[in-house]
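Numbering (the numbering used here), first residue to last: 66 to 322.
Worksheet: one structure, shown below.
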């Protein structure tokens, strides 16, 4: 291949790459978000293999219960949808195809990856930027640690929303920070109770509470997280990716995937 042909091929390749990038960015910008009833959706840390997997479950109104909660801090979650065909009753997302981050009305799934890490004997949901030099955001936490599936409480300022296109709701979930345009809000349906009594406590955490009980948390709180190494440093403590799980629990949770 002569130099002229090589130059032409290089230019052609760059043009294709630029067009694909522009198409992807344009496609992402066309998506909107719709508000959700926060009592009908939950994020959990599910033991899986040698760590934890982030799972989002939505309860469809008037249908069979998709999960039940027990305890206060942490809150143990019984994934009831594992016991029946949940089609038409529950919606579930287990990876980045089903959920992503949206900040200030802008979809940021291409910039942030959602990850569960361990810090000070609790599990933290963080959004790590693909650029390793950028600091991640803390989105939520479990307020404790246990071997079972555990509820994640979203930090103040964060909420669940749904992706939409031209006013039509899609199945993709957002972890959203910042107000959505008023035109994209929808009327919320009646809440669905997913609480069960705790044998060890007299108070049950309300299902609708999506923010952590801890006060004074900055909405855009960040931590130092070095990837892909497993040891993560913060100014006051060490954050590490959890590598311990209950084998029997992990086998049951595998049915979620």
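We treat Cβ as the ideally placed atom computed from N, Cα and C, and that holds for glycine.
Within 8 Å, strictly: CB atoms of residue i and residue j
| i | j | result |
| --- | --- | --- |
| residue 208 | residue 133 | no |
| residue 164 | residue 188 | no |
| residue 203 | residue 110 | no |
| residue 190 | residue 169 | no |
| residue 192 | residue 177 | yes |
Three-way DSSP call (helix, strand, coil) for residue i in this model
| i | result |
| --- | --- |
| residue 328 | No answer is possible for residue 328: it lies beyond the span of the chain, which begins at 66 and ends at 322. |
| residue 188 | strand |
| residue 118 | strand |
| residue 194 | strand |
| residue 146 | helix |
| residue 231 | coil |
| residue 105 | helix |
| residue 137 | coil |
| residue 151 | coil |
| residue 173 | coil |
| residue 200 | coil |
| residue 110 | strand |
| residue 226 | strand |
| residue 156 | strand |
| residue 179 | strand |
| residue 236 | strand |
| residue 130 | coil |
| residue 161 | coil |
Backbone CA spacing between residue i and residue j [nearest angstrom]
| i | j | result |
| --- | --- | --- |
| residue 182 | residue 235 | 29 Å |
| residue 126 | residue 152 | 13 Å |
| residue 221 | residue 99 | 19 Å |
| residue 173 | residue 166 | 5 Å |
| residue 96 | residue 105 | 22 Å |
| residue 129 | residue 197 | 43 Å |
| residue 141 | residue 150 | 22 Å |
| residue 171 | residue 225 | 14 Å |
| residue 185 | residue 227 | 32 Å |
| residue 115 | residue 199 | 26 Å |
| residue 210 | residue 112 | 11 Å |
| residue 117 | residue 231 | 35 Å |
| residue 146 | residue 131 | 5 Å |
| residue 144 | residue 212 | 14 Å |
| residue 194 | residue 233 | 29 Å |
| residue 252 | residue 148 | Low confidence applies to residue 252: its pLDDT is 39, below 50, so where it sits in the model is not reliable, and the reading given next is rough at best. Going from the Cα of residue 252 to the Cα of residue 148 covers about 31 Å. |
| residue 201 | residue 229 | 26 Å |
| residue 219 | residue 240 | 9 Å |
Proximity winner among the options, relative to residue i (alpha-carbon distances)
| i | options | result |
| --- | --- | --- |
| residue 120 | 114, 128, 129 and 107 | 107 |
| residue 238 | 214, 160 and 216 | 160 |
| residue 162 | 155, 175 and 200 | 175 |
| residue 102 | 124, 112 and 202 | 124 |
| residue 155 | 122, 177 and 135 | 122 |
| residue 223 | 213, 242 and 146 | 242 |
| residue 135 | 240, 233 and 214 | 214 |
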